[in-house]
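*Asks:* Just so you know, the protein sequences line up as chains X and W, in that order.
Going from the first sequence to my numbering is simple: count from 1 and add 25.
Going from the second sequence to my numbering is simple: count from 1 and add 25.
Before I ask anything, let me first share the structure, which is written out below as structure tokens.
Number of protein chains: 2
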Amino acid sequence: MPEDSRPRRRGAAATRKAILESARKAFARSGYDGVGVREIAADAGCTAILVNRYFGSKEQLFQEVVVDAMNSAEVLRRDVFGDKDRARALAEALVDRTAYGEPALEGLLIVLRALSNPAATRTAREQIENHHHRQLTDVVRGPHAAERAALIVSVIVGFQVMRQMYGIEALASADPQVLTDLLTAQLEQLFLGD
Amino acid sequence: MPEDSRPRRRGAAATRKAILESARKAFARSGYDGVGVREIAADAGCTAILVNRYFGSKEQLFQEVVVDAMNSAEVLRRDVFGDKDRARALAEALVDRTAYGEPALEGLLIVLRALSNPAATRTAREQIENHHHRQLTDVVRGPHAAERAALIVSVIVGFQVMRQMYGIEALASADPQVLTDLLTAQLEQLFLGD
DNA sequence: GTCTATAGAAAGATAGAC
DNA sequence: GTCTATCTTTCTATAGAC
Numbered sequence: 026m027p028e029d030s031r032p033r034r035r036g037a038a039a040t041r042k043a044i045l046e047s048a049r050k051a052f053a054r055s056g057y058d059g060v061g062v063r064e065i066a067a068d069a070g071c072t073a074i075l076v077n078r079y080f081g082s083k084e085q086l087f088q089e090v091v092v093d094a095m096n097s098a099e100v101l102r103r104d105v106f107g108d109k110d111r112a113r114a115l116a117e118a119l120v121d122r123t124a125y126g127e128p129a130l131e132g133l134l135i136v137l138r139a140l141s142n143p144a145a146t147r148t149a150r151e152q153i154e155n156h157h158h159r160q161l162t163d164v165v166r167g168p169h170a171a172e173r174a175a176l177i178v179s180v181i182v183g184f185q186v187m188r189q190m191y192g193i194e195a196l197a198s199a200d201p202q203v204l205t206d207l208l209t210a211q212l213e214q215l216f217l218g219d
Numbered sequence: 026m027p028e029d030s031r032p033r034r035r036g037a038a039a040t041r042k043a044i045l046e047s048a049r050k051a052f053a054r055s056g057y058d059g060v061g062v063r064e065i066a067a068d069a070g071c072t073a074i075l076v077n078r079y080f081g082s083k084e085q086l087f088q089e090v091v092v093d094a095m096n097s098a099e100v101l102r103r104d105v106f107g108d109k110d111r112a113r114a115l116a117e118a119l120v121d122r123t124a125y126g127e128p129a130l131e132g133l134l135i136v137l138r139a140l141s142n143p144a145a146t147r148t149a150r151e152q153i154e155n156h157h158h159r160q161l162t163d164v165v166r167g168p169h170a171a172e173r174a175a176l177i178v179s180v181i182v183g184f185q186v187m188r189q190m191y192g193i194e195a196l197a198s199a200d201p202q203v204l205t206d207l208l209t210a211q212l213e214q215l216f217l218g219d
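So this is what it looks like as structure tokens:
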């Protein structure tokens with residue numbers, strides 16, 4: 026049993042993990058520029074110095090958070106990759122998880138709230154290309170698969186921004202079934218090659 | 026003829042306008058959180074104090090910049106509102122002005138690079154609803170016009186983010202004609218009500 | 001109408017103690 | 001393994017001179 030002296034010593038690995046999780050939530054909520062390492066550290070139950078000790082810098086921390094969040098992509102799972110009706114499965118998942126203010130779809134949420142930061146934007150591009158885009162390109166058939174896969178990601182991004190992040194009334198308060206149907210038609214075009 | 030003492034006195038109106046223009050470029054380039062009022066003032070040929078004197082605060086300055094930029098919307102002009110083939114006109118304009126790194130489509134560009142800031146996000150929602158969305162709703166016919174109009178804006182936003190801001194390779198280096206055709210099909214669905 | 005100078009807060013990052 | 005304390009920079013915003 027570990028001692029419980031005032032400076033909690035729970036081990037580097039546990040602290041590192043706590044920081045990573047705190048950072049994920051903070052970046053999703055407030056964006057890269059909207060949160061400081063002090064705040065991230067406080068929520069993780071430690072101080073800023075450990076953030077820099079374990080991750081090198083805020084920028085490297087962000088990078089690891091993005092990679093982490095993208096690896097657990099929520100909308101592009103079996104939903105889309107096992108099913109027959111991919112377009113509808115994706116549309117349903119998307120509408121379901123983009124209610125206004127929801128902290129879901131964290132991977133994209135985080136990179137979208139980091140568009141004011143050049144370094145974060147580079148990380149975002151790499152990760153989108155390595156995860157969402159690559160996975161979708163494998164699934165889209167027909168000519169211009171790469172372009173159509175990128176447009177599918179565009180649809181996801183645009184919808185998420187407008188509905189979840191800006192909370193545009195026409196999307197935030199719409200009938201989910203109507204949105205699902207409209208999105209399904211959009212995505213079918215892109216999945217099936219017109 | 027005005028005197029040319031070291032502190033340039035060109036009149037409040039001219040200085041105000043210079044600040045507004047400098048701010049527009051700066052916000053489009055670096056985002057709300059990515060640029061300071063000092064820098065904006067320097068590019069306008071004055072100091073930070075005048076920014077606050079004429080606009081009250083950075084936040085109010087941002088608000089005025091967004092309203093200004095949205096009022097000169099570039100993609101939703103006669104292109105879309107006079108033409109027969111609205112979908113293709115919009116698709117062409119969109120592809121034309123979203124080359125990677127282009128400073129075009131400034132209105133949306135600015136609000137998208139401000140997603141890390143809550144106050145700026147509120148301004149963005151209001152302006153998108155008052156400009157792009159309202160205008161499109163007038164033009165879209167059929168059921169669920171409000172939802173479909175919002176999805177048209179979503180397509181624009183998603184495409185702009187992926188191609189112009191992230192510079193996703195599959196869109197940044199694609200054949201413009203291919204992109205135009207794919208986008209036209211997407212937009213036709215939304216304009217015409219499936 | 002515009003400046004220099006500065007207040008006051010908060011950021012990222014680090015030295016050195018324990 | 002973790003802290004307090006601090007350095008340095010940068011931010012918004014303002015007081016007061018000219």
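Note that the Cβ used here is the ideal one computed from N, Cα and C, for glycine as well.
This structure is a prediction, so every number in the text was calculated from the model and none was measured.
Can you round the beta-carbon distance between X/Ile153 and W/Ile193 to whole angstroms, since I take them to be within the 8 angstroms contact cut?
*Replies:* Sure, about 6 angstroms apart at Cβ, within 8 angstroms.
*Asks:* Using a Cβ-Cβ distance cut-off of 9 angstroms, determine whether W/Gln88 contacts chain X.
*Replies:* Output row for W/Gln88: interface = no.
*Asks:* So, is the C-beta of X/Ala104 closer than 9 angstroms to a C-beta in chain W?
*Replies:* The question names Ala, yet the displayed sequence has Asp at residue 104 of chain X. With 9 angstroms as the cut-off, X/Asp104 does not count as an interface residue toward chain W.
*Asks:* In chain order, what residues of the same chain lie with their CB nearer than 6 angstroms to the CB of W/Arg138, ignoring the 5 residues before and after it?
*Replies:* For W/Arg138, where only same-chain residues beyond five positions count, the Cβ hits under 6 angstroms are Gly56.
*Asks:* Which residues, taken in chain order from the region 30-63 of chain X, show a beta carbon closer than 8 angstroms to some beta carbon of chain W?
*Replies:* Here the close residues are Ser55, Gly56, Tyr57, Asp58, Gly59.
*Asks:* Express the C-alpha separation of X/Ala116 and X/Phe106 in angstroms, rounding to a whole number.
*Replies:* X/Phe106 and X/Ala116: Cα-Cα distance of roughly 13 angstroms.
*Asks:* So, under 8 angstroms CB-CB, W/Ala175 and X/Met187 are touching, yes? Tell me the CB distance rounded to an integer number of Å.
*Replies:* Yes, they are in contact, since the Cβ atoms of W/Ala175 and X/Met187 sit about 6 angstroms apart, within 8 angstroms.
*Asks:* If the criterion is Cβ atoms closer than 9 angstroms, does the pair X/Thr146 and X/Gln185 meet it?
*Replies:* Not a contact, by the Cβ cut-off of 9 angstroms.
*Asks:* X/Leu217 to W/Thr162, Cα distance in whole Å?
*Replies:* Roughly 28 angstroms between the two C-alpha positions.
*Asks:* Exposed or buried, W/Arg111, counting other C-beta atoms within 10 Å across all chains shown (16 or more means buried)?
*Replies:* W/Arg111 comes out buried.
*Asks:* Tell me the residue span of the alpha helix (DSSP H) that contains X/Pro201.
*Replies:* From DSSP, the alpha helix (DSSP H) with X/Pro201 extends over 201-217.
*Asks:* Quick check on the DSSP output: the alpha helix (DSSP H) that includes X/Met95 runs from which residue to which?
*Replies:* Segment 83-96, the alpha helix (DSSP H) holding X/Met95.
*Asks:* Please confirm if W/Leu77 has its CB atom under 9 angstroms from at least one CB of chain X.
*Replies:* Sequence inspection shows Asn at residue 77 of chain W; the Leu mentioned does not correspond to that position. With 9 angstroms as the cut-off, W/Asn77 does not count as an interface residue toward chain X.
*Asks:* Is the Cβ-Cβ distance between W/Gly59 and X/Asp58 less than 9 angstroms?
*Replies:* Contact: yes.
*Asks:* Is there at least one Cβ from chain X nearer than 9 angstroms to W/Pro27's Cβ?
*Replies:* With a pLDDT of 46 at W/Pro27, under the threshold of 50, the modelled position of that residue is not reliable, and no figure is offered here.
*Asks:* Comparing C-alpha positions only, which one of W/Ile74, W/Arg35, W/Lys83, W/Asp93 sits nearest to W/Glu46?
*Replies:* Here the closest residue by C-alpha is W/Asp93.
*Asks:* Should W/Phe216 be flagged as near chain X, meaning a C-beta pair shorter than 9 angstroms?
*Replies:* It does not: the Cβ of W/Phe216 has no partner Cβ on chain X nearer than 9 angstroms.
*Asks:* If you follow the alpha helix (DSSP H) that X/Leu171 is in, where does it begin and where does it stop?
*Replies:* The displayed chain sequence assigns Ala, not Leu, to residue 171 of chain X. From DSSP, the alpha helix (DSSP H) with X/Ala171 extends over 170-184.
*Asks:* Below 6 angstroms CB to CB, which residues in the same chain sit around W/Ala48 once its five sequence neighbours on both sides are set aside?
*Replies:* For W/Ala48, where only same-chain residues beyond five positions count, the Cβ hits under 6 angstroms are Ile65, Leu86, Val90.
*Asks:* Check the Cβ of W/Leu207 against every Cβ in chain X and list those closer than 9 angstroms, keeping chain order.
*Replies:* Result: His169, Glu172, Arg173, Leu176, Gln214, Leu215, Asp219.
*Asks:* Throw me the rounded Cβ distance for the X/Leu204 and W/Glu172 pair, which I believe falls under 8 angstroms.
*Replies:* With 8 angstroms as the limit, X/Leu204 and W/Glu172 qualify as a contact, their Cβ atoms being about 6 angstroms apart.
*Asks:* Determine, using beta carbons only, whether X/His156 comes closer than 9 angstroms to chain W.
*Replies:* By this cut-off, X/His156 is not an interface position.
*Asks:* Is the CB-CB distance between X/Leu119 and X/Val100 below 9 angstroms?
*Replies:* Yes, the Cβ-Cβ distance between X/Leu119 and X/Val100 is below 9 angstroms.
*Asks:* Quick check on the burial criterion: 16 or more other C-beta atoms within 10 angstroms. Buried or exposed for W/Ala37?
*Replies:* Answer is exposed; the Cβ neighbour count stays below 16.
*Asks:* From this set, X/Ser82, X/Ala67, X/Ala210, which residue's C-alpha is nearest X/Ala51's C-alpha?
*Replies:* For X/Ala51, the nearest C-alpha among the options comes from X/Ala67.
*Asks:* Measuring CB to CB, does W/Gln88 end up less than 9 angstroms from W/Thr148?
*Replies:* Their beta carbons are under 9 angstroms apart, which means W/Gln88 touches W/Thr148 by this criterion.
*Asks:* Could you say which of W/Tyr79, W/Arg113, W/Ala195, W/Ala98 lies nearest to W/Lys42 if we only look at CA atoms?
*Replies:* Nearest of W/Tyr79, W/Arg113, W/Ala195, W/Ala98 to W/Lys42, Cα basis: W/Tyr79.
*Asks:* CB of X/Leu133 to nearest heavy atom of the ligand MN: below 8 angstroms?
*Replies:* Annotation note on the ligand MN: not contained in the displayed structure, which lists no ligands.
*Asks:* Interface residues of chain X around W/Ala199 at Cβ under 9 angstroms?
*Replies:* Those within 9 angstroms of W/Ala199 in chain X are His169, Ala171, Glu172, Ala175.
*Asks:* Please report how far the alpha carbon of X/Glu151 lies from the alpha carbon of X/Ser97, in whole angstroms.
*Replies:* Taking the straight line joining both Cα atoms gives about 16 angstroms.
*Asks:* As a quick exercise: from W/Ala210, W/Glu84, W/Pro201, W/Ser179, pick the residue whose alpha carbon is nearest that of X/Ala197.
*Replies:* Of the candidates W/Ala210, W/Glu84, W/Pro201, W/Ser179, the one whose C-alpha sits nearest the C-alpha of X/Ala197 is W/Ser179.
*Asks:* Pick out whichever of W/Cys71, W/Asn142, W/Ala53, W/Pro168 has its Cα sitting closest to the Cα of X/Ala199.
*Replies:* Closest by alpha carbon: W/Pro168.
*Asks:* Could you name the residues of chain W that X/Thr126 contacts, counting a contact when the two beta carbons are closer than 7 angstroms?
*Replies:* One detail in the question is off: residue 126 of chain X reads as Gly in this sequence, not Thr. The contacting residues do not exist; X/Gly126 stays about 11 angstroms from chain W at best.
*Asks:* Counting only Cβ pairs nearer than 7 angstroms, list the residues of chain X close to W/Arg150.
*Replies:* Those are Tyr191, Gly192, Ile193, listed as they occur along chain X.
*Asks:* Whose C-beta lies closer than 6 angstroms to the C-beta of X/Ala53 among residues of the same chain, with five residues either side of it excluded?
*Replies:* Excluding sequence neighbours, X/Ala53 sits near Pro128, Glu131, Leu134, Ile135.
*Asks:* Could you tell me if X/Ser83 is buried or exposed, where buried requires 16 or more neighbouring beta carbons within 10 angstroms of its beta carbon?
*Replies:* Here residue 83 of chain X is Lys; the residue named in the question, Ser, does not match the sequence. It is buried - the Cβ of X/Lys83 has at least 16 other Cβ atoms within 10 Å.
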